[in-house]
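Residue numbers (the numbering used here): 3 to 89. What follows is a set of notes on a single structure, which appears directly below.
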């Protein structure tokens, strides 16, 4: 499959990397807040919210990168089908 959209492929790969880093950093910071000393209820709530937000946002960013790849595949398949003669 020829790569007609190299920048979009690069953006898709970059978004995947960003989503993984986002999840790891978000979980790390949230767990650090959760387990530092004697956290009060507000700190616990903020840490749990941070865990949820970082995981959900990371999954959404990762899915967006897969959506870019899906659109590129649809475009390729449509172009290939339109270039074939009718049988």
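C-beta: ideal position from N, C-alpha, C; glycine also.
C-alpha gap between residue i and residue j, whole angstroms
i          : j          : result
residue 1  : residue 70 : Residue 1 cannot be examined here, being either before or after the span of the chain that is shown, 3 to 89.
residue 19 : residue 25 : 10 Å
residue 8  : residue 27 : 28 Å
residue 38 : residue 23 : 22 Å
residue 81 : residue 75 : 10 Å
residue 1  : residue 43 : Outside the shown range of the chain, which is 3 to 89, sits residue 1, and nothing can be said about it.
residue 46 : residue 64 : 27 Å
Closer than 7 Å: residue i CB and nearest the ligand MN heavy atom
i          : result
residue 26 : In the structure on display, the ligand MN does not appear, and there are no ligands present to speak of.
Test item: CB-CB of residue i and residue j under 8 Å
i          : j          : result
residue 29 : residue 67 : no
residue 49 : residue 32 : yes
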